[in-house]
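Here's the structure we're looking at; comments come further down.
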Amino acid sequence: MTASKPVARMISHVIVDLDGTLLNTDGIVTEVLKEFLIKYGKKWNSKGVHKIVGKTPLEAATVVVEDYGLSCTPEEFMSTFTPMFSDQLCNIKALPGANRLIKHLRSKGVPVGLASNSPKSNIEAKISYHHGWKESFAAVVGGDEVVMGKPSPEIFLEAARRMNADPLNCLVVEDSLPGVMASKAAGMKVVAVPSLPKQATSFTSADEVINSLLDLHPEKWGLPPFEDWIEGTLPIEPWYIGGPVIKGFGRGSKVLGIPTANLPAENFSALLSEHTSGVYFGWAALATLGIYKMVMSIGWNPYFDNTEKTIEPWLLHEFNEDFYGEELRLAIVGYIRPEANFPSLESLIARIHEDGRIAEKALDLPIYACYKDSPYLQNS
Ligand code: ADP
Ligand code: RBF
Ligand code: MG
């Protein structure tokens, strides 16, 4: 008897979560929470953040009230916090790759549902600030439209039902653990995009864990691929940072043979939280030495498991001397890959050299080469 081959599952519909997946809601939640806690004479602490990601507002309020020992009920907390938060909805930014994903699936005719534990009116308000989003969703389901929010599967099943989709043919994109649990309970495939760094290991039930939406490859799920990758690179809206070259861990040249001219990451915390960690490339200007091609990593260097995010640009040029303290300006124009861990130092080094070759070649393409003339670099 021949065992029948399992039929490959066809994905026909995508269902996305909103907060933490498409929108950087946590950034605003944190700002508002800080302000709120000051009123209560308490100080915000980033350590509790993981406990509120993916919770319903009331659940999250309960955690905050308890953790900070606030002298109010969760309901009272909500009645003060909610209007403060609502005032800030217009300031919630799209996460990297969110616009690109929505536009792509829409242009390829793949129906996309939005399923969030937030109340429907809240979802509608949030997406109204993002051009073209509302029209892109075939269904929107809020936490107030089901009996139980995530981790119950109800919200995803309802989104599928409204799109006339079989749950088995749905792919969910989710940042939270409750959301991943809900997707699996609904019988769906799920790609996790953990919004908290270094949490990827707890997402074992997800079908795939990626670092950011930039790393989503729809073709893995039988969906139309993105068409914007060029020679192993993804063009991004350029961003610019600069500052004095500081001392890093002293291991770039010593341990890897790859010197990286570190920038003071704490000066760019707001900008860095807008961009995901990963390997990027672009142009680097040194005030006295000139403009060079550059490839860099931004993040926690998983191989070394750093506790602080660092900015590590490797200038693709042989210098005769160190240039600590010099003003270094960067135009970051493209993305290559997420930061990764490696089985050996040799494999990390080999991969960084390959990143260097990719960047070197890509920067000759007109779409990237033009940024060498950025006024920001010329005036350094
Ligand atoms: P650190 O940990 O202090 O950053 P590294 O071993 O990474 O030390 O060396 C980085 C330093 O090496 C830079 O700050 C810079 O002064 C110098 N350097 C020399 N060549 C390069 C290069 N091609 N790219 C970046 N930095 C270089
Ligand atoms: N470190 C990692 O742990 N994982 C990576 O994937 C990784 N990629 C890098 C890519 C480039 C282009 C560069 C320049 C560095 C990368 N590093 C990575 C960072 C490296 O660990 C770091 O520069 C050294 O630890 C020096 O502090
Ligand atoms: Mg360095």
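Every letter in the sequence shown is one number past the one before it in UniProt numbering, and letter 120, counting from 1, is 120.
Quick reminder that beta carbons are idealized off the backbone N, C-alpha and C, glycines included.
{"Item": "Met84 - DSSP class collapsed to helix/strand/coil", "Value": "helix"}
{"Item": "Own chain residues within Cβ distance below 8 angstroms of Pro238, not counting five before or after", "Value": "Gly282, Ala331, Ile332, Val333, Tyr371 and Ser374"}
{"Item": "Below 5 angstroms from a heavy atom of ligand 3 - residues by beta-carbon", "Value": "Gly248, Gly252, Thr260 and Asn262"}
{"Item": "Reference Glu31, options Ile236, His50, Phe81 and Val14, closest by Cα", "Value": "Phe81"}
{"Item": "Close beta carbons around Asp215, own chain, < 7 angstroms, minus the five adjacent residues each side", "Value": "Pro338"}
{"Item": "Residue from Val173, Leu23, Val245 and Gly250 whose Cα sits closest to the Cα of His217", "Value": "Val173"}
{"Item": "Residues of its chain near Tyr129, where Cβ-Cβ distance is below 8 angstroms and the 5 sequence neighbours each way are ignored", "Value": "Leu89, Cys90 and Ile92"}
{"Item": "Tyr324 beta carbon near ligand 1 (any heavy atom closer than 7 angstroms)", "Value": "yes"}
{"Item": "Residue of Leu377, Asp26, Val53 and Lys55 minimising C-alpha distance to Gly242", "Value": "Leu377"}
{"Item": "Check whether Leu101 and Leu213 have beta carbons under 8 angstroms apart", "Value": "yes"}
{"Item": "Exposure of Phe319, with buried meaning 16 or more beta-carbon neighbours within 10 Å", "Value": "exposed"}
{"Item": "Touching by the beta-carbon criterion (3+ pairs, under 8 angstroms), the region 355-368 and the region 300-313", "Value": "no"}
{"Item": "Rounded C-alpha distance that separates Gly187 from Phe137", "Value": "21 angstroms"}
{"Item": "Start and end residues, alpha helix (DSSP H) containing His104", "Value": "Ala98 to Ser107"}
{"Item": "Nearest-angstrom Cβ-Cβ length linking Ser118 and Leu18, presumed shorter than 8 angstroms", "Value": "7 angstroms"}
{"Item": "Ile291 Cβ short of 7 angstroms to ligand 2 heavy atom set", "Value": "no"}
{"Item": "Buried/exposed call for Gly113, threshold 16 Cβ in 10 Å", "Value": "buried"}
{"Item": "Ligand 1 heavy atom lying under 7 angstroms from the CB of Leu58", "Value": "no"}
{"Item": "Burial state of Thr2, where buried means 16 or more other Cβ atoms lie within 10 Å", "Value": "Caution applies to Thr2, whose pLDDT of 48 falls short of 50 and renders its modelled position unreliable; the value that the coordinates give is listed next. With fewer than 16 Cβ atoms within 10 Å of its Cβ, Thr2 is classed as exposed."}
{"Item": "Proximity of Pro151 and Pro178 at Cβ, strictly below 8 angstroms", "Value": "yes"}
{"Item": "Ile52 versus Phe203 - alpha carbon distance", "Value": "16 angstroms"}
{"Item": "Identified DSSP bridge partners for Pro235", "Value": "Gly334"}
{"Item": "Counted within 10 angstroms of its Cβ, other Cβ atoms place Asp322 as buried (16 or more) or exposed", "Value": "exposed"}
{"Item": "Host beta strand (DSSP E) of Val295 (start-end)", "Value": "Gly290 to Gly299"}
{"Item": "Rounded distance between the beta-carbons of Gly252 and Ile246, thought under 8 angstroms", "Value": "In fact, because the Cβ distance is near 12 angstroms, the residues do not count as touching under 8 angstroms."}
{"Item": "Buried or exposed (CB count within 10 angstroms, at least 16 for buried), Phe36", "Value": "buried"}
{"Item": "CA nearest to the CA of Glu274, picked from Asn262, Ala340, Ile298 and Leu256", "Value": "Ile298"}
{"Item": "Any non-hydrogen atom of ligand 1 closer than 7 angstroms to His13 Cβ", "Value": "no"}
{"Item": "heavy atom of ligand 1 below 7 angstroms from residue 394 C-beta", "Value": "Any answer about residue 394 is impossible in this case: the structure gives the chain only from 1 up to 380."}
{"Item": "Rounded straight-line distance, which links the Cα of Ser176 to that of His104", "Value": "23 angstroms"}
{"Item": "Beta-carbon separation (whole angstroms), Glu312 vs Gly248, contact threshold 8 angstroms", "Value": "7 angstroms"}
{"Item": "Ser79 versus Val193: straight-line alpha-carbon distance, rounded", "Value": "31 angstroms"}
{"Item": "Start-to-end residues for the beta strand (DSSP E) that takes in Leu95", "Value": "Per DSSP, Leu95 belongs to no beta strand (DSSP E) and is neither H nor E."}
{"Item": "Proximity below 8 angstroms, CB of Leu33 to CB of Trp44", "Value": "yes"}
{"Item": "Proximity to Ile11 [Cα-Cα], best of Val190, Leu70 and Ala185", "Value": "Val190"}
{"Item": "Reference Gly142, options Leu157, Pro111, Val209 and His131, closest by Cα", "Value": "Leu157"}
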